[in-house]
Amino acid sequence: MNRFPPLTRAGFLKTVGAVALSAAIPVPLALPAFAAAGGPLATRKIHKSKTGEQLPVIGLGTRSMSRRDAKAAAGQSDVIATLLAGGGKVIDTAANYTGGDSEDFIGEVLAKTNARSKAFISTKFAERGKENGLRSIETSFKQLRTDTIDLMYIHNMVDIPTQLPTLEDFKARGKFRYIGISDTGNNQDELIKWLDRLDFIQFAYAADSREAENRLLPAALDKGVSCLIALPLGRGRALSAVKGKEVPAWAKEELGVETFAQLLLKFVVSHPAVTVAIPSTLDPKHMAENVAAGQGPIPDAKQRAKIAAIWES
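Numbering (the numbering used here), first residue to last: 82 to 394.
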């Protein structure tokens, strides 16, 4: 169990400092170093890593990130800065997010701040046909401004028999470090069918949506396949269900959480099969809140049951 002193959202923001943004792409790594007093993020091993590589349990989903609005882009750059300053690494995107702009935006931010080595880039493509898949992959390399992509997924299980051999070839040539398949529906049996050929899977899982606990999470753990969790806040339903309520006193005392969002994230990352949760946000303050959820105590089985009960009642 990882136990570090929890860091509040306010404490995190005080640590990293206020950033005056005068351009669409600021220099986020000019932020002060993350305070050691807050404790590092908990980490989980990538099961199929040959070097024992580990990832911080809180990452970032970027479905809506874009440079199209300069003012908004500046704030989104700060989201990436906050993740990296807090010790997070995983930035998850896709070829089709915001019409392809998400990959390009992330690539530009990381390039302009010399932060590529600090990030673990996870991306995806959804194409039918080998040539279409190859074109999408090459575009991802260009937009992300990198020669190596840490993790490439077949998005939403599109044309797996055609695209998986391509992923395996790119991995064998060192262009992809890891490969996987993503699905945010509920196609557990289809994902399980491909586990032997994968390093990662990505799917939806939250305290109010626990179907993956029945077969998918146990199967991934058994096969040594790492899990990135999309929609760990429950597509917004979980937070709506507790709007206006107080975080239980026991959760504040035992887990060091301030908000229900942190409690939801702690629930997700406490499952032994989960490697990283990737909540989406465009708000640096929410990113700081999410990072803090990966610090401090990780719920045990009894605490997990108490958290789940909040959304079962």
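Yeah, the Cβ is synthetic: ideal placement off N, Cα and C, and Gly gets one too.
Alpha carbon to alpha carbon, how far is Ala373 from Asp250? Give it in angstroms, no decimals.
Using only the alpha carbons, I get a separation of about 38 angstroms.
Using the beta-carbon count (16 or more within 10 Å), is Asp381 buried or exposed?
Answer is exposed; the Cβ neighbour count stays below 16.
With Val372 as the anchor, note down where its alpha helix (DSSP H) starts and where it stops.
Element bounds for Val372: 365–374.
Going by DSSP, what residues sit across from Thr124 in a beta bridge?
Pro137.
The beta strand (DSSP E) that contains Ile172, what's its start and end?
Residues 171–173.
When you compare the CB positions of Lys333 and Ile379, do they come within less than 8 angstroms of one another, or not?
Cβ atoms of Lys333 and Ile379: not closer than 8 angstroms.
Give the C-beta separation of Phe222 and Ile235 to the nearest angstrom, bearing in mind that I take them to be a contact with Cβ-Cβ under 8 angstroms.
About 16 angstroms separates the two Cβ atoms, so there is no contact after all.
Give me the residue from Leu164, Gly168, Leu141, Arg216 with the minimum Cα distance to Ser183.
Taking only the C-alpha atoms, the option nearest Ser183 is Leu141.
If you draw a straight line from the alpha carbon of Ile359 to that of Ile310, how long is it in whole angstroms?
Going by the C-alpha atoms only, they are around 6 angstroms apart.
Out of curiosity, what's the CA-to-CA distance linking Arg216 and Ala154?
Whole-angstrom Cα-Cα distance: 27 angstroms.
Quick check on Met238: does DSSP put it in helix, strand or coil?
Here Met238 sits in helix by DSSP.
Please name the residue, chosen from Val355, Phe206, Glu294, Gln384, that lies closest to Val338 on a Cα-to-Cα basis.
Taking only the C-alpha atoms, the option nearest Val338 is Gln384.
Which runs of the alpha helix (DSSP H) spanning at least 4 residues fall entirely within the stretch 281–338, listed in chain order?
You should have 297–304, 318–322, 330–336.
Sort out for me which residues DSSP pairs Gly142 with in a bridge.
BP columns for Gly142 point to Asp173, Ser361.
Using the three-state DSSP reduction, which class does Lys252 fall into: helix, strand or coil?
It is helical.
Is it the case that the Cβ atoms of Lys199 and Lys170 are separated by a distance below 8 angstroms?
The answer is yes: Cβ separation under 8 angstroms.
Quick one: what does DSSP say Glu218 is sitting in, helix, strand or coil?
With the sequence shown as reference, residue 218 is identified as Ile, and Glu is not the correct amino acid for it. Note: Ile218 maps to helix in three-state DSSP.
Where Gly120 and Leu136 are concerned, what is the direct C-alpha to C-alpha distance, given to the nearest angstrom?
Each residue's Cα considered, the two are about 15 angstroms apart.
Please work out which residues of its chain come closer than 6 angstroms, Cβ to Cβ, to Thr243, disregarding the five sequence neighbours upstream and downstream, and give them in chain order.
Cβ neighbours of Thr243 beyond the five flanking positions: Lys211.
Closest by CA to Ser290, which one among Asp228, Val355, Ala319, Thr179?
Nearest of Asp228, Val355, Ala319, Thr179 to Ser290, Cα basis: Ala319.
Residue range of the beta strand (DSSP E) that Gly261 falls in?
Gly261 -> beta strand (DSSP E) spans 257–264.
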